[in-house]
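Worksheet for the structure shown next.
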Amino acid sequence: MAEIPSCSAQKAADSFDVQEFIDSHGDRLLRSAYLLCGNATEAQDLVQETLIQAIKSWRGFRGESAPYTWLHGILLNLCRRYHRKQKRLVYDEDVVLKETFQVDQARDMDQDFCAARLTKAMQELSREHREVILLRFYENMKIEEIARQTGVSSGTVKSRLHYAMRGLEQLIPREMNLFASDGTHPIGTP
Amino acid sequence: MNCENFNDRLPEYLDETLSTTEQAAAREHVQKCGACQQAVARQEALAKSIRLSFNRETQGLSLSAETRQNILNALKQPSLQPTSWERLRACCAVLWLKPVRVGLVLLCLLLLISGSRFHRQRAERSTLPATAQAASDIYVIDVPIETEMHFYRRQNNRVVDAVVTGVSVIDASFSGNLSPATSLKRHIH
Ligand SMILES: [Zn+2]
């Protein structure tokens, strides 16, 4: 088992088990990556790079946040780069999505389909809006935590969240009734 | 507190991160105001539904055996063993965010880098052929701001690594015959 030596007395206890580190964070990170990039294969690659980079720079981890939060910060940076590269491809995919949706509209909108549609809609949001939705609703972060994680003010986070939600409302058709399964409000209906 | 104020503070109200006074004022308002009660209920329902959808969509995903193996293999690569430069960088990361110290740290780092390069070159020049010498060296190259965090890939046994944010430093190890600058550019762009 690969063990990482430490460089200071304070971190002397942190030579850790790599396998255990991967076990405790890998799957959760992968799911987050999938929601960010919308592609299962790329998500595996992104998490692979995230974990390699993290384990290599483990001694730089200051323990000011939870290890997972630190890992997620690395993942966000890698995804930002990935999306810059993939932009063209993502837009092309959007067109296809919208077209197929017209055909599918009459079909029964079950929860799996709605879940898939929401994930696709995420890819149609801007990078900033996608990040804020993910951090808020999947990573369950408070506004101030999102602000720290993305390096902007709380005000900016709130504004992004507001517009991101509006974006989702526009992207997901009302008749899809995303939230009806809970006996609550369809998206887009106050 | 009125409805407009309440709506402005709704996310923090749900987070319970308002000041004690504001949190109390917000609670007092929402208890009396039907419209704001609805706004709270809607926010909570939206959050719950999005969470549900995300969980449903990702529940079947887990890290593949191949990815796990790739990670372990990458960490076993000799080129990925922590170098003295990496150790220094990791320790210095503690200081990066303290603006007053950054200048000092940067200066020390530059002195150390130039010192170690000089030392290494002197040590290696006599014993290694030119390509091997290039392969074992550490390169510090300025890159554009937009690449401040690098997505790097391993191709065969060539590895490009960049972890430092804000400061344009790349720490790269190479083997192979390409000149380091060429193959590095190939990875970045
Ligand atoms: Zn009100």
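These protein sequences, in sequence, are chains L and W. Position 118, counted from 1, in the first sequence is what our numbering calls 118; the numbers after and before it change by one each time, with no gaps. Position 13, counted from 1, in the second sequence is what our numbering calls 203; the numbers after and before it change by one each time, with no gaps. We put the beta carbon where it would ideally sit given N, CA and C, even for glycine. Being a predicted model, the structure only gives us computed values, none of them experimental.
| Query | Result |
| --- | --- |
| What does the alpha-carbon distance come out to for the pair D17/L and N263/W? | 15 Å |
| Output, in chain order, the set of chain L residues within a Cβ distance shorter than 7 Å of F244/W. | L35, F137 and Y138 |
| Alpha carbon to alpha carbon, how far is A214/W from Q228/W? | 19 Å |
| What are the boundary residues of the alpha helix (DSSP H) that includes A66/L? | Per DSSP, A66/L belongs to no alpha helix (DSSP H) and is neither H nor E. |
| Considering only residues of the same chain and omitting the five flanking positions on each side of L161/L, which have a CB-CB separation below 7 Å? | V132 and R136 |
| Check whether the Cβ of R166/L lies closer than 8 Å to any Cβ atom in chain W. | no |
| Grab me the residues of K142/L's own chain with a C-beta within less than 6 Å of its C-beta, minus the 5 sequence neighbours each way, in chain order. | none |
| Nearest to E202/W by alpha carbon, out of K120/L, S154/L, L35/L and A43/L? | S154/L |
| Give the range of the alpha helix (DSSP H) segment to which P173/L is assigned. | That residue, P173/L, is in no alpha helix (DSSP H); it is neither H nor E in DSSP. |
| Tell me which residues share the same chain as L294/W and place their Cβ nearer than 6 Å to its Cβ, disregarding the 5 neighbours each side in the sequence. | none |
| Express the C-alpha separation of Q44/L and D27/L in angstroms, rounding to a whole number. | 10 Å |
| What residues from chain C crowd round V47/L, counting only those whose CB sits closer than 8 Å? | This model lacks chain C altogether, as its protein chains are L and W. |
| Would a check of beta-carbon distances place R217/W closer than 8 Å to chain L? | no |
| Do the region 244-255 of chain W and the region 20-36 of chain L touch if we need at least three Cβ pairs shorter than 8 Å? | yes |
| With DSSP collapsed to three states, give me the class of E206/W. | coil |
| Near ligand 1, which residues have their beta-carbon less than 6 Å from any of its heavy atoms, given in chain order? | C193/W, F196/W, H219/W, C223/W, A225/W and C226/W |
| Could you name the residues of the same chain whose beta carbon sits closer than 7 Å to that of W70/L, not counting the 5 residues immediately before and after it, in chain order? | F61 |
| How would you list, in chain order, the residues of chain L whose beta-carbon sits under 7 Å from the beta-carbon of A264/W? | I52 |
| Helix, strand or coil for A352/W? Go by DSSP, reduced to three states. | Note that A352/W scores a pLDDT of 43, beneath 50, so its modelled location is shaky; the value from the coordinates is reported in the next line. Note: A352/W maps to coil in three-state DSSP. |
| Taking the CB atoms as reference points, tell me whether R232/W and Y138/L lie closer together than 8 Å. | no |
| To the nearest angstrom, how far is the alpha carbon of T198/W from that of H129/L? | Checking the displayed sequence, the identity of residue 198/W turns out to be Asp instead of Thr. Approximately 19 Å between the Cα atoms of the pair. |
| Along chain L, in chain order, which residues have C-beta atoms closer than 7 Å to that of C261/W? | A small fix is needed here, since residue 261/W is Ile in this sequence, not Cys. Within 7 Å Cβ-Cβ: I22, Q48, L51 and I52. |
| Are the Cβ atoms of R148/L and R80/L separated by less than 8 Å? | no |
| I'd like to know whether the C-beta of I240/W is nearer than 8 Å to at least one C-beta of chain L. | yes |
| In three-state terms, what does DSSP make of V152/L? | coil |
| Is the Cβ-Cβ distance between K192/L and G38/L less than 8 Å? | Outside the displayed span of chain L (1 to 190) sits residue 192/L, for which this structure offers no information. |
| How many angstroms separate the CA atom of R246/W from the CA atom of G73/L? | 24 Å |
| Use the C-beta contact count for E20/L: other C-beta atoms within 10 angstroms, 16 or more gives buried, fewer gives exposed. | exposed |
| Can you say whether T41/L is buried or exposed, counting buried as having 16 or more other CB atoms within 10 angstroms of its CB? | exposed |
| Rounded C-beta distance between I52/L and I261/W? I'm assuming under 8 Å. | 6 Å |
| Starting from Q227/W, trace the alpha helix (DSSP H) in both directions and tell me its first and last residue. | G224 to T248 |
| Tell me, please, whether the CB atom of T205/L is closer than 8 Å to any CB atom in chain W? | Outside the displayed range of chain L (1 to 190) lies residue 205/L, so it cannot be described from this structure. |
| Can you tell which of T211/W, S243/W and N192/W has its C-alpha closest to the C-alpha of D110/L? | S243/W |
| Is it buried or exposed for R166/L, if we count other Cβ within 10 angstroms and need 16 for buried? | exposed |
| Hey, does D112/L have any beta-carbon neighbour from chain W nearer than 8 Å? | yes |
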